[in-house]
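Data first, discussion second: the structure below is written as structure tokens.
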Amino acid sequence: MAAASATSSVPPLGFTPPAPGSYRLERIMKAPDGVVLDSDASVHRLSEFTTGKVTLFSFIYTYCSDPKGCPLAYATLHELKNTIERTPALRGKVRFVSMSFDPEYDTPVAMRSYGGQEARDRRGLDWHFLTTRNGRELAPLLGGFGQDVSVAAPKAPGTRIPVLSHMLKVYLLDPRGEVREIYSTSYLHPAVLLGDIRTLLMEQGRR
């Protein structure tokens, strides 16, 4: 079940983003840390994936079907990944992290399947698909990011999986693991994300 199967296109942007470096992204909060599993079921600290590079981090679940939810985040990041990989100045400086809301259903195998080629690509931009061993380990990460999620229905029609309710958020982190921007549906566009990534990298270059 690759994420691309939940076909969602990126809508056009209704405004022109400001030029990179012409504005400042304030520090919002420190990203939380905890125990996570990668798509090979190896145990890590989340901080391994939120420091050292500019990072776009989002919570998802593999069976989300809301076109303005997880499929939109995947489509936006996929398009942005292609742009970054064609830009030599950005190579090796950016990573993406998609982490599951639902460790019960989203096992490492499920996350690897969801990521498809993006999860297996070791030559381009690093895109990590993470989960946790249980809800107890997930809870402080959700709380630390301020990401709400609830069970809208115990089971989706005709399935054994629940329906989760959440507001789509994508977090931009600087190499120190500080959250510098939080995007909702209205501003989740490759051009906006790219401008903010460049702004953070320009800030790093001035230090």
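Numbering (the numbering used here), first residue to last: 10 to 216.
Every residue, glycine too, gets a C-beta built ideally from N, C-alpha and C.
The beta carbons of V106 and S48 sit no closer together than 9 Å.
By the Cβ-count criterion, R189 is buried, with 16 or more other Cβ atoms from all chains shown falling within 10 Å of its own Cβ.
In the three-state DSSP reduction, L65 falls in the strand class (E or B).
For D135, there is no enclosing alpha helix (DSSP H); the residue is part of the beta strand (DSSP E) that begins and ends at D135 to L139. A buried status is given to S109, since no fewer than 16 other beta-carbon atoms sit within 10 Å of its beta-carbon. In chain order, P41 place their CB closer than 6 Å to the CB of G153, counting only its own chain and leaving out the 5 sequence neighbours on each side. A residue is called buried when at least 16 other Cβ atoms come within 10 angstroms of its Cβ; P76 does not meet this threshold and is exposed. Put simply, the backbone Cα of E88 is about 17 Å away from that of S195.
Counting only runs of 4 or more residues that sit fully inside the segment 57 to 131, the alpha helix (DSSP H) segments are 79 to 94, 117 to 124 and 126 to 129, in chain order.
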